[in-house]
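Numbering (the UniProt record's numbering), first residue to last: 1 to 557. Positions of the beta carbon are idealized from the N, C-alpha and C atoms, including for glycine. Notes to accompany the following structure.
Next up, the structure:
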């Protein structure tokens, strides 16, 4: 009986294990389906935006062609008239010459020639007039060509001047410590309903990427100016080109923070995380690729680097670790301050990046975090993020020959969607979530308002979000706000609120950023090692160090 019971228990355990494996496979399959759906939706939206842009350019080229064609037709008609006039005067010239010779010979043809036929003076005057018109036409064409060259040269100078202006503006902004603000308008999606079903849908917001302005497409328009504007057809790669300067600053030893702000469904998560492994990848995976490449290049110059990642969310004012599957065990993650005055979150899983497998490792980190993140359906978004997620990367480098140590950090923040409760139709727990989101975003707005007014007291502690981001918002680093906008008229009120908030943020001065670089005598680091020298005077942190390989991370999914 005992043996039979043990056998049954073993079979039951095996069946439970198979059931769990099948459950995990189904969950992973569902995640893959959702990721492919998101990627397909993003690709379709970008394709539609590119098609719309292409059609607009084609219409502009067609208008230019028609205008040029009308001009050429006019010129051709003028030349035809001149040609007909010259043909008419040619027989007259012959008759005049014949009449002149007859008069000299004493015949009677001279008198008949004088009756109504043009004289030599008339012909010469007409010929001279034709020559003058021809010269004027040639001169006008030459002037048009010269003016076109001058216009092209001036346009080139304007473009160069605009580039120089932006560089000087960025330098001034950096010296003043202003928070940089970029705005991205997403393309229309199928989920936008009737507004997206038209043949050529018109967005509620018009972007002027050259002038870096954005204007509401209504009778009484509002115009806002920001550091950079991205249109509906701009790709993930194009957006990252401007962001890459901030990533480089993190490598140089600065504390860098990039956060995506906007209403629910405006494209924040797509901008930060993206989807797939190709052109739809977002800022987070592209940042790691850039940092890995920089580390490998600097390794040839005697530098050794270590990269450590944490990924967490703030949900209902509670911090949750996104890199563990046991987040429901009630582990508390509090925000502490070390002896150097830096805030950190205790108890988080720390993943050390393996340079040889960095791409796979980061993709699986992002996928694991996406599985663990709190999302739910609202009336505004089928997969609305109900929390603020923070991807934190610590970069530590040491050059033994130069006896120099640098320590930078990169925080990539995907804020929960700002929305009006009346539009989201949230009830119960969803209402509580929305209230917590709006409260933390309001606390963030209070911080920016205090910074703009140069208030001696900045209320960082009013929410977990602002307290966690205090190092990036207190003048020690560089901060970029990526404001995401929806193109629909139904979302125009929320878009206006986002633009006004972004405008206030752009007026905040944090002071000149501080580079974390120092001379240090210590043992050289190898890739994958993490220096404890820089935190040896700090209180011990409760953390869970992880050296997960991509295969081990995959098992957590």
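Within the segment 200-285, the beta strand (DSSP E) runs of at least 3 residues that lie entirely inside it are, in chain order, 205-208, 213-216, 223-225, 228-230 and 255-261.
With respect to residue 498, residue 261 sits close: the two C-beta atoms are nearer than 8 Å. Pairwise C-beta distances place the segment 241-257 in contact with the segment 405-412, as three or more of them are shorter than 8 Å. In the DSSP assignment, the residues bridged to residue 352 are 308. At a Cβ-Cβ threshold of 8 Å, residue 317 and residue 436 count as neighbours.
Contact annotation: residue 264 and residue 283 have beta-carbon atoms that are not nearer than 8 Å. Around the Cβ of residue 493, a 10 Å sphere holds fewer than 16 other Cβ atoms; the residue is exposed.
Taking 8 Å as the cut-off, the beta carbon of residue 400 is found closer than this to the beta carbon of residue 302.
At a Cβ-Cβ threshold of 8 Å, residue 478 and residue 246 count as neighbours.
Counting only residues of its own chain and dropping the five nearest sequence neighbours on each side, residue 82 has a CB closer than 8 Å to the CB of 130, 133 and 134.
Per DSSP, the unbroken alpha helix (DSSP H) holding residue 501 starts and ends at 492-506. Within a 10 Å sphere around the beta-carbon of residue 464 sit 16 or more other beta-carbons, which makes this residue buried. Between residue 392 and residue 273 a beta carbon distance of about 15 Å is seen, past the 8 Å cut, so the two are scored as non-contacting.
Nearest in C-alpha terms to residue 223, of all of 234, 7 and 205, is 205. CA-CA distance, residue 485 to residue 12, rounds to 53 Å. A straight line joining the alpha-carbon of residue 288 with that of residue 359 spans about 8 Å. Cβ contact annotation for residue 277 (same chain, cutoff 7 Å, sequence separation greater than five): 363, in chain order. The three-state reading of DSSP puts residue 10 in helix, counting H, G and I together. Per DSSP, residue 301 has no beta-bridge partner at all. DSSP places residue 398 inside the beta strand (DSSP E), whose first and last residues are 388-399. Ranking 84, 181 and 66 by CA distance to the CA of residue 506 puts 181 first. Distance from the Cα of residue 387 is smallest, within the candidate group 186, 311, 3 and 75, for 311.
In this structure, 470 is the residue among 73, 470 and 447 with its C-alpha nearest to the C-alpha of residue 257. Of the other Cβ atoms in all chains shown, 16 or more fall within 10 Å of the Cβ of residue 186; this residue is therefore buried. Of 296, 335, 228 and 473, the smallest CA-CA separation from residue 255 is found for 473. With respect to the 8 Å criterion, residue 365 and residue 309 are classified as neighbours on the basis of their beta carbons.
Annotation: residue 322 is outside any beta strand (DSSP E) and is labelled neither H nor E by DSSP.
Within the same chain, and ignoring the five residues on either side of residue 285 in sequence, the residues whose Cβ sits closer than 6 Å to its Cβ are 362. Straight across, the Cα-Cα distance linking residue 26 with residue 198 is about 38 Å. In the structure shown, residue 484 falls within a strand segment according to DSSP collapsed to helix, strand and coil.
About 7 Å separates the Cβ atoms of residue 188 and residue 195, confirming a contact at the 8 Å cut-off.
With fewer than 16 other Cβ atoms inside 10 Å of its own Cβ, residue 152 counts as exposed. The three-state secondary structure of residue 347, taken from DSSP, is coil.
Taken through DSSP and simplified to helix, strand or coil, residue 314 comes out as strand.
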